[in-house]
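See structure below.
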Amino acid sequence: MGKGGRLAITIVVLALAAVGIVFSVKALLYTPSTVVYTPTNGQVNVTMQTVGSYGHAPNPTWVSYLTENQQGQWVHTTLWQVPAHTRVNVTIYQFDSGSPLRNQQIGQVTGTLGKSATLNGATFKVINSNIGNGIGHTFSIPTLGISVPLAGNSGSANLCAVAPCSPSSTAYPHNTITFSFTSPGPGNYPWQCFVPCALGFLYGNGGPMQTVGYMGGFMKVV
Amino acid sequence: MTAEAPTPASEPAAAPRGEGRATHWLRLLILWVVISVAADVVWIKLVGPHVPPGRMTDMATGAAFDFNVLIVLALPVMVGVWVYMLYAVIVWRASKVGPDPVATRFSRGSGTVEWTWIVLTTVLVLFLAGFGTYELVQPGGSGGGQGPTPIWTPTTSSPLQVQVIGQQWKWTYRYPQFGGFETNELLLPVNQTVAFNVTSLDVIHSYWAYQLGVKADANPGYNNVAFTTPIQTGYFVVRCAELCGLWHGAMFNEGRVVSAAAFESWAKATERQLAENTALLPAYAPTYTPDANGAAGGYYPDNKDPYSPVEMYGAPQPAGGG
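Residue numbers (our numbering), protein chains in the order written: chain S, 49 to 270; chain C, 356 to 677.
Spelled out as structure tokens, the structure:
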């Protein structure tokens, strides 16, 4: 091979390596956007939904949370910001199916105001995951002792498979869970789902369970 | 070991290295003793009382005591090496006494010195290994986890049983002597021996109650028993010490050692408070058998229908698992 050929191959290899590095760094540094909530009447209303499959690239089959911003748009993120020492009212539309829990301990409500939550308008403190449709997910902030089980929908129903799912539509079944808590002092508080719901991963705890933006994220308190 | 070779006729009978050998040894000995004693005193008085993990339990106290003994014995060894090295650099530097002797008896080593060094350090290390092991397991059994059938057990016949359950990514605690309730909170009574039964529902975790001096692996399907006796009230931190996934860093909580009366009161109140959920938990068992199949069930520990209705994660389902 001539000198020109060797030079061309070298340039191509270096260019490919550079592209690989750029994509890798970009992927490593990627973080979802943060939804900022400002208080209304001294309270903050956080709205999320859970879906059995996100339905879009790069991981259309992954289970995921989505967050609604204050403009009413659904954002694929699990990062949100609330002010410190403020009442946070959370509404979660649960579109996924459910199952018995690996550990029923997370079937109870802890750490919320009144130590309870509501499921489709009815107050509850414990869900027996072994009966009915079981539990789909939880919303838990372990460092604050907050954990709320999210009742599942029937696995045989026509479930929403492409996010965002519309809570106002009757096309897909969903459960509405509400609860409140008081935000702590400033800091970053990790929250997550404790149901090992990552389909196709060992013990159900890989993939979306270990990726910020899907089944866990941070509550930033300022 | 080599014996000193006869001095060749062509080399000096004794290398002129300044003062006589006895003087050097005496100086080194004095320097070593004085600095070693000073270092040990400084350690014992200033650092020793603050050595982690503190004095919250008998295990922690034993570990801190062990650590102090190790340091007090190791400091003279370290000082000996440093004193000799610095003495040689200063007193026998080439600009003062000429170049190093080559191919003389001074460059061939000393069997006496080498054997003394080997024997002394070997005895020291073996002593510390035996002493450290004894101290870690007495009088309350090891806080490091001894598997399901501990060799070293505490003298008390009825320790408080606390089951520590690790799961991605939190710790929960079951109290079998109080109806088997399971909670996020860890409270312990002071002056009562505790038997931690450490297990996991998924991957390997490590239960590290830092100030208690307890650190035991949490393996699925395995009951790892560790003992301790709290001797001070106060807070302690529990962390996972085994990298277990994305939220490993958030897998911690705070425990509390309280008076016996306060513990009794808390335990009974919590038992009542959690009764509804406790009734849904499986019966207390040393270990549970979680399925690899999480989303479609995988309850613990019975592996009976209706759990695990489908094989979702490719893991073989146990017989009767549905």
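All C-beta atoms in this analysis are idealised placements derived from N, C-alpha and C, irrespective of residue type, glycine included.
Whole-number beta carbon distance between residue j and residue i, since they are thought to touch under 8 Å
i, j, result
"S228/S", "V130/S", "Actually they do not touch by this definition, with Cβ atoms about 12 Å apart."
"A573/C", "V553/C", "5 Å"
"L167/S", "N201/S", "Wrong, their Cβ atoms sit about 12 Å apart, outside the cutoff."
"A170/S", "N181/S", "About 15 Å; that fails the 8 Å criterion."
"G610/C", "L542/C", "7 Å"
"P197/S", "I179/S", "Not a contact, Cβ separation roughly 13 Å."
"G184/S", "V243/S", "7 Å"
"Y102/S", "A211/S", "5 Å"
Contact list for residue i against chain S, beta-carbon separation under 8 Å
i, result
"V402/C", "Ordered by position in chain S, no residue passes the 8 Å Cβ test against V402/C, which lies about 32 Å from the chain."
"A640/C", "Going along chain S, no residue has its Cβ under 8 Å from A640/C, so there is no contact; the nearest lies around 13 Å."
"L635/C", "Q152, G155, V174, N176, S177, N178"
Interface residues of chain C facing residue i [CB-CB closer than 8 Å]
i, result
"G264/S", "L601, W602"
"V73/S", "Within 8 Å Cβ-Cβ: nothing; V73/S doesn't reach chain C, min ~20 Å."
"Y113/S", "The contacting residues do not exist; Y113/S stays about 15 Å from chain C at best."
"T322/S", "No answer is possible for residue 322/S: it lies beyond the span of chain S, which begins at 49 and ends at 270."
"N181/S", "Within chain C, no residue comes near N181/S; the closest Cβ sits about 12 Å away, beyond 8 Å."
Beta-ladder partner(s) of residue i, from DSSP
i, result
"L601/C", "L601/C is not bridged to any residue."
"E609/C", "V592/C"
"V196/S", "F187/S"
"Q501/C", "In the DSSP output, where bridge partners are listed per residue, Q501/C has none listed."
"R135/S", "Q91/S, T230/S"
"A170/S", "L167/S"
"G235/S", "V269/S"
"D572/C", "S561/C"
"A581/C", "F551/C"
"W128/S", "V83/S, M267/S"
"Q493/C", "In DSSP, Q493/C forms no bridge with anything."
"Y251/S", "Beta-bridge pairing links Y251/S to no other residue."
"T412/C", "P585/C"
"T158/S", "S195/S"
"T347/S", "Any property of residue 347/S remains undetermined from this structure, which presents chain S solely from 49 to 270."
"S217/S", "None; S217/S has no bridge partner."
"V260/S", "G264/S"
"W122/S", "E116/S"
"Q152/S", "Partner(s): none; Q152/S has no beta bridge."
"N201/S", "S145/S"
9 Å Cβ cut-off: residues of chain C touching residue i
i, result
"P232/S", "The contacting residues do not exist; P232/S stays about 14 Å from chain C at best."
"F242/S", "Q522, Q523, W524, K525"
"T191/S", "A605, F607, N608"
Beta-carbon neighbours of residue i, restricted to chain S and to distances below 7 Å
i, result
"E537/C", "Q153"
"V558/C", "Y251"
Sequence-distant residues of the same chain with beta carbon closer than 6 Å to residue i, five excluded per side
i, result
"R54/S", "none"
"G649/C", "Model confidence at G649/C stands at a pLDDT of 43, short of 50, so the residue's coordinates are unreliable and nothing is read from them."
"G568/C", "P408, T412, M414, A415, A418, G498"
"T226/S", "T139, T166"
"T511/C", "T548"
Residue i: contacting residues in chain C (beta-carbon distance under 7 Å)
i, result
"Q258/S", "G600, L601"
"N236/S", "Simply none; closest approach about 10 Å."
"V174/S", "E631, N632"
Nonlocal neighbours in the same chain, by C-beta distance under 8 Å from residue i, ignoring five residues either side
i, result
"G502/C", "Y577, N578, N579, V580"
"V269/S", "Q129, V130, P131, A132, S231, P232, G233, P234, G235, N236, Y237"
"G600/C", "Q523, W524, V558"
"N539/C", "K525, W526, T527, Y528, N608"
"N423/C", "W398, I399, G403, V406"
Cutoff 7 Å; reference residue i; Cβ partners in own chain excluding five residues on either side
i, result
"G261/S", "P80, H124, T125, T126"
"Y530/C", "V517, F536, A622"
"G534/C", "E626, T633"
"Y258/S", "According to the sequence provided, residue 258/S is Gln. The question's Tyr does not apply to it. The answer is none, since no qualifying residue turns up."
"Q152/S", "S177"
"E490/C", "G417, F420, D421"
"L636/C", "G535, E537"
"S365/C", "With a pLDDT of only 45 at S365/C, under the threshold of 50, the placement of this residue in the model should not be trusted, and no figure is reported."
"M267/S", "W128, V130, I189, Y237, W239"
"A394/C", "L430, V434"
"V592/C", "Y565, Q566, F607, E609"
Residue i: contacting residues in chain S (beta-carbon distance under 9 Å)
i, result
"A458/C", "Within chain S, no residue comes near A458/C; the closest Cβ sits about 55 Å away, beyond 9 Å."
As an exercise, report each continuous beta strand (DSSP E) stretch of at least 3 residues that is fully enclosed by the region 53 to 117 of chain S, in chain order. 82 to 84, 91 to 99, 112 to 116
Along the chain, which unbroken stretches of the beta strand (DSSP E) at least 3 residues long are found entirely within the region 517 to 558 of chain C? 525 to 530, 536 to 538, 541 to 544, 549 to 555
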